[in-house]
Amino acid sequence: MIKSNIKLFVLFFLLLISLRPLQSAEMVDPIKVDWSFKGLTGTFDRASLQRGFQVYKEVCASCHSMQYLSYRNLGEPGGPEFSEQEVKAIAASFEIEDGPDPQGEMFTRPGRPSDKFKSPYPNVQAAAAANGGAYPPDMSVLVKARKGGANYIYSVLVGYEDPPPGVTLDDGVYYNKYMVGNKIKMPNNLMDGLVEYADGTESTVDQMAKDVTTFLAWAAEPELEERHKTGVKVIIYLLLLTILVYLSMKKIWSRVDSEK
Amino acid sequence: MSEHEYTPKSKAGKWFNDRLPLLSLGAHLTDYPTPKNLNYWWTFGGILTFCLITQIVTGIVLAMHYVAHADLAFASVEHIMRDVNYGWLIRYIHSNGASMFFLAVYIHIFRSLFYGSYKSPREVIWIIGLMIYLLMMAAAFMGYVLPWGQMSFWGATVITNLFSAIPLVGDSITTWLWGAYSVDNPTLNRFFSLHYLIPFLILGLVVLHIWALHVPGNNNPVGIDIKKPSKDTVPFHPYITIKDAFALLVFMIIFAGFVFFTPNVLGHSDNYIPANPLVTPAHIVPEWYLLPFYAILRSVPDKLGGVILMFSAIFILFVLPWLDTSKVRSAVFRPIYRQFFWILVIDVLMLGYVGAMPAEGIYLVLARVGTIYYFLHFIVVMPVVGYLEKTDPIPMSISEPVLTGGAEPSLARKVDDKV
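Encoded structure:
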């Protein structure tokens, strides 16, 4: 009886799963990339993170803020792991507003590792006004804030196309295969050879998109490597403990079971 | 508990116990005679206690770092994730813990439905349990608002707006709940206050739930009354404690799997977008554990009707002990009811599924069919089947399960083995 119920159950779920595609038929699924940070023991590709930061700094940062990150994060374990000197130099390359000083005046000074990433605009309204009314979203947790995560971000970056016939676009609106609704206000900013990678990697559009997406994935989940490492240990510990408790249980219950 | 004769061995223990019989309570909890045939579906009581304690402990730590202000809440959560030592771990345990809590409570409730644990003399245990469940939903809903992401804000807007469906005073009540003319900073502040309060109310009710349980004692898979203590029972410790510990560990492995390897899969990605009253998300969906009720709500074209139906779906459970007319508790001996039980399980899962989908086309049809069956199950099926059903022969005791050589008791064993 129970078995037939379970069969019914499985059938029912297969039915539900088969209903799923109905919902997302009009959207193109994001490209599936084999990211190094995928899976149970996934880690970030250090070199890719450093290159990704370069793309962010030279391309994205002119419009997109990353207000929850600090320059010191760039040197922390599990991230791009720039050296202390490099982090200090990166931070110092930005002019940060500070103050008020004893006279009540605001002043600027070179950035320190403890400073948050400098935002390109003073506020959301200014950012929207400078970008045709569309606010370039803060990228600190962008990868977690989009269905499809890193795959989606990467796909949008490489998904620019000429609009299919019949689709007309307003000024300052671009066609993107993977964007929800296919219309995006961000122009296609990546072109081959746009940045000069310090490590000599060829800066193709695909390479830059992958690197910056890796960087954004780390920015959204800077704890990922530690989380994976701790998780493996925790699961192994729990498994061993479970086995021990299971054996104890069998021994204790053998007193009762033998009475039968 | 009064029937328990216990005298502490030490003089100091006796002195203390005469003034506050905590040691007697400890002895009662240790020796508490428990049916020896409890299967693993019975381990979820202990698992739920673990879930509650986990939520309270992690929640207290989170509250030390969280800021309940509309302008700062989202940033304070990111501060917890990035700058607080192991903040990411504590927050992920707390957010996934809510899901695990509901997973366990649904199994616990359906176990009760299958084995008739809500029936006489355990109605009060059942009702207290439902009160806990209601408070859990309130706590979870308010907790989901606290990160002040898009789903937080719009979920809060949808749910609080339900109260505006009340005739005449609806709008006033909604404004009163908000503390403003829309979901805003005062709403967030009071939700935080209540979110901190409710778990302790739940804790109090859990004590009553267990107290009420210890009066008649546990139901069991065979569903018959047993003499306590007897050959049919084992002392709670060490027999049940070790079994609960084993089940809890298996549960914790699944829990850890979510926390460490896929911590955001049960949440909605939109909640990592800061709340914006000017932008409505394409689909506003609650957390998965509230989806069946959301489906019932949306299955009715009329707002007030939907609200009434949704609350009825919960409150009908309170009178379940009196809707069920069967003399037999366990569905193991109820061949007809057993079929309907599984239909109900599928029905609720289906409602949960369509609750996550847009309320249109086939999904709306499924939601309506599911809603109708949900109510039919309790209002019609339970009284009528209980009345008409020819139940299988019931054993006299757990130790002698086979009275007439029927196949059903061995089925009970099979369930036990499979888990």
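Just so you know, the protein sequences line up as chains A and B, in that order. The first sequence runs 1 to 260 under the numbering used here. The second sequence runs 1001 to 1419 under the numbering used here. Every residue gets a Cβ at the ideal spot worked out from N, C-alpha and C, and that includes glycine.
Is it buried or exposed for PHE1074 of chain B, if we count other Cβ within 10 angstroms and need 16 for buried? Taking the first residue of the second sequence as position 1, residue 1074 of chain B is located at position 74. Buried, because 16 or more other Cβ atoms sit within 10 Å of the Cβ of PHE1074 of chain B.
What are the start and end residues of each continuous alpha helix (DSSP H) run of 4 or more residues lying completely inside the region 128-209 of chain A, in chain order? 149-158, all fully within the region 128-209 of chain A.
Inter-residue Cα distance where the pair is TYR1066 of chain B and GLY1046 of chain B: Taking the second sequence and counting its residues from 1, one reaches residue 1066 of chain B at position 66. Taking the second sequence and counting its residues from 1, one reaches residue 1046 of chain B at position 46. Their backbone Cα atoms lie some 29 Å apart in a straight line.
For ASP211 of chain A versus ARG46 of chain A, is the C-beta spacing smaller than 7 Å? Sequence index remark: in the first sequence, residue 211 of chain A carries index 211 (1-based). Sequence index remark: in the first sequence, residue 46 of chain A carries index 46 (1-based). In this structure, ARG46 of chain A does not lie closer than 7 Å to ASP211 of chain A by Cβ.
Can you check which of these residues, A:ASP98, A:GLU105, A:TYR152, A:ALA129, is closest to LYS118 of chain A by C-alpha distance? Taking the first residue of the first sequence as 1, we reach residue 118 of chain A at position 118. For LYS118 of chain A, the nearest C-alpha among the options comes from A:ASP98.
Measuring alpha carbon to alpha carbon, tell me which of B:GLY1386, B:ALA1367, B:ALA1139 ends up nearest ILE1336 of chain B. Within the second sequence, numbered from 1, the residue matching residue 1336 of chain B stands at position 336. Looking at the Cα atoms, B:GLY1386 is the closest of the given residues.
Touching or not, the region 1097-1115 of chain B and the region 1129-1136 of chain B, by the rule of three or more beta carbon pairs under 8 Å? Enough Cβ pairs lie closer than 8 Å, so yes.
Provide the residue(s) that pair with SER70 of chain A in DSSP beta bridges, ordered along the chain. Working through the first sequence from its first residue, we reach residue 70 of chain A at position 70. Looking at the DSSP output, SER70 of chain A shares a beta bridge with A:LYS116.
Can you check the region 1225-1265 of chain B for any beta strand (DSSP E) of at least 3 residues that lies completely inside it and give the ranges in chain order? Fully contained in the region 1225-1265 of chain B are the following beta strand (DSSP E) runs of length 3 or more, in chain order: 1233-1235.
Let me check one thing: in DSSP terms, what residues is GLY1087 of chain B bridge-paired to? Along the second sequence, one-based indexing puts residue 1087 of chain B at 87. Paired residue(s): none; GLY1087 of chain B is not in a bridge.
Taking the straight line between their C-alpha atoms, what separation do you get for ASN1276 of chain B and ARG1338 of chain B? Residue 1276 of chain B sits at position 276 when you count from the first residue of the second sequence. Residue 1338 of chain B sits at position 338 when you count from the first residue of the second sequence. One C-alpha to the other measures close to 48 Å.
Got a sec? Which residues, its chain only, sit under 7 Å from PRO67 of chain A by beta carbon, not counting five neighbours each side? On the first sequence, position 67 is the one that residue 67 of chain A refers to. With the sequence shown as reference, residue 67 of chain A is identified as Gln, and Pro is not the correct amino acid for it. Same-chain partners within the cutoff: LYS116, PHE117, SER119, ASP138, SER140.
Okay, do the region 1204-1221 of chain B and the region 1311-1320 of chain B touch, 3+ Cβ pairs below 8 Å being the bar? In short, these stretches do not touch, since the Cβ pair count stays below three.
Once the 5 residues before and after THR1034 of chain B are set aside, which same chain residues still bring their CB inside 8 Å of it? In the second sequence, counting from the first residue as 1, residue 1034 of chain B sits at position 34. Cβ neighbours of THR1034 of chain B beyond the five flanking positions: GLY1217, ASN1218, THR1233, VAL1234, PRO1235, PHE1236, TYR1239, ILE1240.
Hey, LEU1320 of chain B and TYR1118 of chain B: beta-carbon distance below 7 Å or not? Working through the second sequence from its first residue, we reach residue 1320 of chain B at position 320. Working through the second sequence from its first residue, we reach residue 1118 of chain B at position 118. A contact, by the Cβ cut-off of 7 Å.
Using 7 Å as the threshold, is the C-beta distance between TYR1144 of chain B and ALA145 of chain A below it? Position 144 of the second sequence, counting from 1, holds the residue named residue 1144 of chain B. Position 145 of the first sequence, counting from 1, holds the residue named residue 145 of chain A. Not closer than 7 Å, so no.
So, with DSSP's three-state summary, where would you put MET1 of chain A? Along the first sequence, one-based indexing puts residue 1 of chain A at 1. Low confidence applies to MET1 of chain A: its pLDDT is 49, below 50, so where it sits in the model is not reliable enough to give any reading.
Looking at GLY79 of chain A and PRO267 of chain A, is the spacing between their C-beta atoms short of 7 Å? Outside the displayed range of chain A (1 to 260) lies residue 267 of chain A, so it cannot be described from this structure.
What are the boundary residues of the alpha helix (DSSP H) that ARG46 of chain A is part of? What you label residue 46 of chain A is simply residue 46 of the first sequence in a count that begins at 1. Residues 46-58.
Local conformation of PRO80 of chain A per DSSP, three classes: Residue 80 of chain A sits at position 80 when you count from the first residue of the first sequence. The DSSP-derived three-state label of PRO80 of chain A is coil.
Between the alpha carbons of LEU1194 of chain B and ALA92 of chain A, how many angstroms are there, rounded? Position 194 of the second sequence, counted from the start, is the residue given in the question as residue 1194 of chain B. Position 92 of the first sequence, counted from the start, is the residue given in the question as residue 92 of chain A. Whole-angstrom Cα-Cα distance: 45 Å.
Rounded C-alpha distance that separates GLN1055 of chain B from ASN1096 of chain B: Taking the first residue of the second sequence as 1, we reach residue 1055 of chain B at position 55. Taking the first residue of the second sequence as 1, we reach residue 1096 of chain B at position 96. Rounded to whole angstroms, GLN1055 of chain B to ASN1096 of chain B spans 10 Å at the Cα level.
By the 8 Å beta-carbon criterion, what residues does the region 1232-1259 of chain B contribute toward chain A? Taken in chain order, the members of the region 1232-1259 of chain B whose beta-carbon sits within less than 8 Å of a beta-carbon on chain A are VAL1234, PRO1238, TYR1239, ILE1242, LYS1243, ALA1245, PHE1246, LEU1249, VAL1250, MET1252, ILE1253, ALA1256, GLY1257, VAL1259.
For MET191 of chain A, which residues of its own chain have a beta-carbon under 6 Å away from its beta-carbon, when the five flanking residues on both sides are left out? Position 191 of the first sequence, counted from the first residue, corresponds to residue 191 of chain A. Sequence-distant partners of MET191 of chain A (beyond 5 residues in either direction) whose C-beta falls short of 6 Å from its own C-beta are missing from its chain.
Taking a contact to mean a Cβ-Cβ separation below 7 Å, would you say LYS185 of chain A touches VAL167 of chain A in this structure? Looking up residue 185 of chain A in the first sequence gives position 185. Looking up residue 167 of chain A in the first sequence gives position 167. Not in contact: LYS185 of chain A and VAL167 of chain A (Cβ atoms no closer than 7 Å).
Residues that DSSP places opposite GLY1149 of chain B in a beta bridge: The count along the second sequence starts at 1 and reaches residue 1149 of chain B at position 149. BP columns for GLY1149 of chain B point to B:PRO1274.
Taking 7 Å as the CB-CB cut-off, is ALA145 of chain A touching chain B? Here residue 145 of chain A refers to the residue found at position 145 of the first sequence. At a cut-off of 7 Å, the C-beta of ALA145 of chain A has a neighbouring C-beta in chain B.
Hey, how far is the Cα of TRP1288 of chain B from the Cα of ASP1071 of chain B? Position 288 of the second sequence holds residue 1288 of chain B. Position 71 of the second sequence holds residue 1071 of chain B. Approximately 27 Å between the Cα atoms of the pair.
If you follow the alpha helix (DSSP H) that ASP1171 of chain B is part of, which residue opens it and which one closes it? Residue 1171 of chain B sits at position 171 when you count from the first residue of the second sequence. 1170-1178 is the span of the alpha helix (DSSP H), which, as asked, contains ASP1171 of chain B.
Identify which residue in A:LEU169, A:ILE31, A:GLU81, A:SER114 has its Cα closest to the Cα of LEU49 of chain A. For the purposes of this step, residue 49 of chain A is identified with residue 49 of the first sequence, where counting begins at 1. Measuring from the Cα of LEU49 of chain A, the nearest candidate turns out to be A:GLU81.
Quick check on DSSP: helix, strand or coil for MET1001 of chain B? As a first step, residue 1001 of chain B must be located in the second sequence, where it is residue number 1. Low per-residue confidence applies at MET1001 of chain B: pLDDT is 43, beneath 50, and the placement is therefore not dependable, though the value from the model is reported in the following sentence. In the three-state DSSP reduction, MET1001 of chain B falls in the coil class, being neither helix nor strand.
VAL1354 of chain B and LEU1366 of chain B look like a contact to me (Cβ under 8 Å); what is the Cβ gap, rounded to whole Å? Your numbering for residue 1354 of chain B matches position 354 in the second sequence. Your numbering for residue 1366 of chain B matches position 366 in the second sequence. Contact flag correct, Cβ pair sits at about 5 Å.
Beta carbons nearer than 7 Å to chain A: which residues of the region 1088-1101 of chain B have them? Only those residues of the region 1088-1101 of chain B whose C-beta falls short of 7 Å from the nearest C-beta of chain A are listed: TRP1088.
Using a Cβ-Cβ cutoff of less than 6 Å, which residues in the same chain neighbour PHE1258 of chain B once the five nearest sequence positions on both sides are dropped? Against the second sequence, residue 1258 of chain B aligns to sequence position 258. Cβ within range, chain order: ASN1096.
Closest residue to SER36 of chain A among A:PRO136, A:PRO113, A:THR214 (Cα-Cα distance): Reading the first sequence from its first residue, position 36 is the one you call residue 36 of chain A. Relative to the Cα of SER36 of chain A, the nearest Cα in the group A:PRO136, A:PRO113, A:THR214 belongs to A:THR214.
Under 8 Å by beta carbon: chain B residues contacting LEU239 of chain A: Residue mapping note: residue 239 of chain A aligns to position 239 of the first sequence, counting from 1. Annotation: Cβ neighbours of LEU239 of chain A in chain B (cutoff 8 Å, chain order): ILE1253.
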